[in-house]
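Participant: Below is a structure I'd like to ask you about.
Number of protein chains: 2
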Amino acid sequence: MMKMNDYIELIDKKLDEYMPVEYPENIFKSMKYTVTLPGKRLRPVMCLEACRMFGGDFEDAIPTACAIEMLHAQTLIHDDLPCMDNDDFRRGKPTNHKVFGDAIATLAGDALLTFAPQIILKNSRNLGAEKLLKIMEEYFHAAGAYGVIAGQVVDIESEHSTPENPQKTLDYIHTHKTADLFKLALRTGAIIADATDEQLKEITEFGQCLGVAFQVSDDILDEISTFEEMGKTLGKDKEAGKLTYTSLYGLEDAKCKVACMLKKCYDIMEKYNIDSLVFDEIITGIKKRVGN
Amino acid sequence: MMKMNDYIELIDKKLDEYMPVEYPENIFKSMKYTVTLPGKRLRPVMCLEACRMFGGDFEDAIPTACAIEMLHAQTLIHDDLPCMDNDDFRRGKPTNHKVFGDAIATLAGDALLTFAPQIILKNSRNLGAEKLLKIMEEYFHAAGAYGVIAGQVVDIESEHSTPENPQKTLDYIHTHKTADLFKLALRTGAIIADATDEQLKEITEFGQCLGVAFQVSDDILDEISTFEEMGKTLGKDKEAGKLTYTSLYGLEDAKCKVACMLKKCYDIMEKYNIDSLVFDEIITGIKKRVGN
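So the sequences go chain by chain: A and B.
93 is the number of the first residue of the first sequence in the working numbering; add one for each residue after it.
93 is the number of the first residue of the second sequence in the working numbering; add one for each residue after it.
Next comes the structure, spelled out in structure tokens:
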């Protein structure tokens, strides 16, 4: 069975390979800068592992997995812009616009949104046209106004006004801002492996729980961690008056929520006989993050 | 034979239909705002007409044509942002970020980049998977760092420094910033009509000449037109020290260039027996713009 580090090494190699620096160099350098910042590669790892788990060859999922990491980098670049969260550091390095300027950073994000699916089409023709179209549909849905962007919009709007139903709004933000990309990774991996509709439903449920657990753990770390550990400026959500799990329920309840969502992940794995060292590692990693 | 106005009416109706306003409303309103601003709809018209001209049913090209108008709107929204060209008016109305704020405008542009191809996939299944993938490839190429974004990057960079070979740089900007979307429209229309590779080559050449003619005419109008006629603030390129055809060669030579490129368009139409009232109208329209 594969382990996290085997996948991460492979993904890092492929990301570098897929991202050339051509003319006009600045835009390609800017795209590559954020995509190749060292990271946990959670989303592409999930994509490869879902593919393997459902009986597929994880090598078939590499272009899709890398494309999802590019999409994730796109959301980071634009979220960090001065007109959004205005962050200067990401993964311990200056954010994209701090290095390349706001204009190039905006365009680099734009470019990644179509570069990523281009990587899939160029490198996954062996999957066949119908399957590629299914992957495209999943990608467009998760990347757009029905997916991660919906989450970001409601997140921004929560800064300026208290929503009528904060719990519902928070669920909405977490589902779309974070869980949607987890689900995209898991679902596309499963689709590549020809998973059944039933299996797709299971893995989507798993992605939803894991995504929420991860996002709540992020809310917690924003309060209790340090710049050195996280590589980004912390405490900003609180300062901006953002709606987060900790602002709504406090630290202790947030930790309970993480534990509860991760328990659900284990239950799903047990119920459907999901046998995966990698998902074990990811769940344990989230637990450790918040000291559970 | 179809005329411009028949197509425009149809496109406007379909754009409205394709763009719902769902939760979170602000993002969908922002997307729809710029896409449905009244315009000449040059790109979608070209797509429909190319399809008709090569023996296809132009109704088959409607989703693709509308998607290309959405992509065009995306480039306008982001180009107008304060960190780019910082424009307050577009088509006589306040620009997107002036109405919705910089954050939502940035996200609306992002959302359109994946919403547009989603519209194609949802509404053009009758074209078959292989043809849809070809259209996706054309779309990604034109929308990204090898297409319109490459043009925008070099355009921005030309503000800050004089390139070694200004003529070559200017050609590059015009080709990518403007002609690439014209070519996308014409090529996808032709692909939907099952045009041959030879025909695709011809129509690409036509789109290149028409695109350059249109962009040079825009450079000219930036100098000689008025806010009332154009619906946007003029003279900004000159102020910013941007590389334009008029800044490089002066007004008279720019007018000659437009005439010359349009002559080439006519030559291509004659050579390949392209019989189209609509392309006649478009060429005549560009001529009139610059008083030729």
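Positions of the beta carbon are idealized from the N, C-alpha and C atoms, including for glycine.
At a cut of 8 Å, does the stretch 133-140 of chain A reach the stretch 173-187 of chain A through at least three beta carbon pairs?
Facilitator: No, the stretch 133-140 of chain A does not touch the stretch 173-187 of chain A.
Participant: Please list the residues of the stretch 109-121 of chain B that have a C-beta atom closer than 9 Å to any C-beta atom in chain A, keeping them in chain order.
Facilitator: The residues in question are E114, Y115, P116, N118, I119, F120.
Participant: Determine the DSSP secondary structure at B/R182, reduced to helix, strand or coil.
Facilitator: Three-state DSSP puts B/R182 in a strand.
Participant: Alpha helix (DSSP H) containing A/E114: first to last residue?
Facilitator: Careful: A/E114 lies outside any alpha helix (DSSP H) and carries neither H nor E.
Participant: Since B/F232 meets chain A, which of its residues come closer than 8 Å, beta carbon to beta carbon?
Facilitator: T206, F207, P209, Q210, L213, listed in chain order.
Participant: Could you tell me whether the Cβ of A/T198 comes closer than 8 Å to any Cβ of chain B?
Facilitator: Closer than 8 Å: yes.
Participant: Taking 8 Å as the CB-CB cut-off, is A/M94 touching chain B?
Facilitator: Not closer than 8 Å to any Cβ of chain B, the Cβ of A/M94 fails to qualify, so no.
Participant: Which residue marks the beginning of the alpha helix (DSSP H) containing B/I366, and which one marks its end?
Facilitator: No alpha helix (DSSP H) contains B/I366, which DSSP labels as neither H nor E.
Participant: Residues of chain A with CB under 8 Å from B/H170, in chain order?
Facilitator: Ordered by position in chain A, the residues that pass the 8 Å Cβ test against B/H170 are T198, L199, D202.
Participant: My understanding is that B/E235 touches B/L292, with C-beta atoms under 8 Å, so please give their C-beta distance in whole angstroms.
Facilitator: The sequence given here places Ala at residue 235 of chain B; Glu does not occur at that position. That belief does not hold up - the Cβ atoms of B/A235 and B/L292 are roughly 19 Å apart, past 8 Å.
Participant: Just to make sure I have the definition right: I need the residues of chain A whose C-beta is within less than 9 Å of the C-beta of B/A237. Which are they?
Facilitator: Within 9 Å Cβ-Cβ: E114, P116, I119, F120, M123, L199, A200, D202, A203, L204, T206, F207.
Participant: For B/L276, report the span of its alpha helix (DSSP H) as first-last.
Facilitator: Element bounds for B/L276: 272-284.
Participant: Kindly indicate the opening and closing residues of the alpha helix (DSSP H) around A/C143.
Facilitator: That run of the alpha helix (DSSP H) goes 134-145.
Participant: Quick one: is B/I227 near chain A, going by C-beta distance under 8 Å?
Facilitator: No, because no Cβ of chain A sits closer than 8 Å to the Cβ of B/I227.
Participant: Using a Cβ-Cβ cut-off of less than 7 Å, give me the residues of the stretch 154-180 of chain B that come near chain A, in sequence order.
Facilitator: Those residues of the stretch 154-180 of chain B that come within reach of chain A (Cβ to Cβ, closer than 7 Å) are H170, L173, C175, M176.
Participant: Which bits of chain A does B/D194 rub up against, with CB to CB less than 7 Å?
Facilitator: Going along chain A in sequence order, the residues near B/D194 (Cβ under 7 Å) are C175.
Participant: Counting contacts by CB-CB distance shorter than 8 Å, is A/A277 in contact with chain B?
Facilitator: Not one chain B Cβ lies under 8 Å of A/A277.
Participant: Give the single residue among B/I248, B/F371, B/M123 whose Cα lies nearest to the Cα of A/V245.
Facilitator: Residue B/M123 is the option with its Cα nearest to A/V245.
Participant: So what does DSSP say about A/N257, is it helix, strand or coil?
Facilitator: If DSSP states are grouped into helix, strand and coil, A/N257 belongs with coil.
Participant: Can a CB atom of chain B be found closer than 8 Å to the CB of A/Q244?
Facilitator: Cβ-Cβ to chain B under 8 Å: yes for A/Q244.
Participant: Please list, in chain order, the residues of the stretch 124-150 of chain B that have any C-beta partner in chain A closer than 8 Å.
Facilitator: Residues passing the 8 Å Cβ filter: none.
Participant: Can you confirm whether B/A271, when its beta carbon is compared against all beta carbons of chain A, has any partner nearer than 8 Å?
Facilitator: So, not an interface residue.
Participant: Determine the contact status of A/C301 and A/I360, defining contact as a CB-CB distance below 8 Å.
Facilitator: Going by C-beta atoms, A/C301 is nearer than 8 Å to A/I360.
Participant: Which residue marks the beginning of the alpha helix (DSSP H) containing B/T325, and which one marks its end?
Facilitator: Taken as a continuous stretch (DSSP letters only), B/T325 belongs to no alpha helix (DSSP H), as it is neither H nor E.
Participant: Run through chain A and tell me which residues come within less than 8 Å of B/E222, C-beta to C-beta.
Facilitator: Correct list: A221.
Participant: For A/I241, which residues in chain B fall below 8 Å Cβ to Cβ?
Facilitator: Correct list: I119, L199, D202, A203.
Participant: Would you kindly report the start and end of the unbroken alpha helix (DSSP H) that includes A/E294?
Facilitator: Residues 289-316.
Participant: Taking 8 Å as the threshold (beta carbon to beta carbon), is B/I248 in contact with chain A?
Facilitator: With 8 Å as the cut-off, B/I248 counts as an interface residue toward chain A.
Participant: From A/E331, A/F207, A/Q307, A/I160, pick the residue whose C-alpha is nearest to that of A/H252; which is it?
Facilitator: Nearest of A/E331, A/F207, A/Q307, A/I160 to A/H252, Cα basis: A/E331.
Participant: Tell me where the alpha helix (DSSP H) around B/L205 begins and ends.
Facilitator: Element bounds for B/L205: 194-215.
Participant: Regarding B/A153 and the ligand NAP, is the C-beta to nearest heavy atom distance less than 7 Å?
Facilitator: You won't find the ligand NAP in this model; it holds no ligand whatsoever.
Participant: In terms of residues, what are the limits of the alpha helix (DSSP H) holding B/A385?
Facilitator: Any question about residue 385 of chain B goes unanswered here, given that chain B covers just 93 to 384.
Participant: Who are the near neighbours of B/L354 in its chain, counting only those whose CB is closer than 7 Å to its CB and skipping five residues on each side?
Facilitator: Only A305, I375, I378, K379 meet the Cβ criterion.
Participant: So the alpha helix (DSSP H) B/V246 belongs to, where does it begin and stop?
Facilitator: Its alpha helix (DSSP H) spans residues 240-252.
Participant: So, helix, strand or coil for A/G148, using DSSP?
Facilitator: Three-state DSSP puts A/G148 in coil, outside helix and strand.
Participant: Using the three-state DSSP reduction, which class does A/L262 fall into: helix, strand or coil?
Facilitator: Here A/L262 sits in helix by DSSP.
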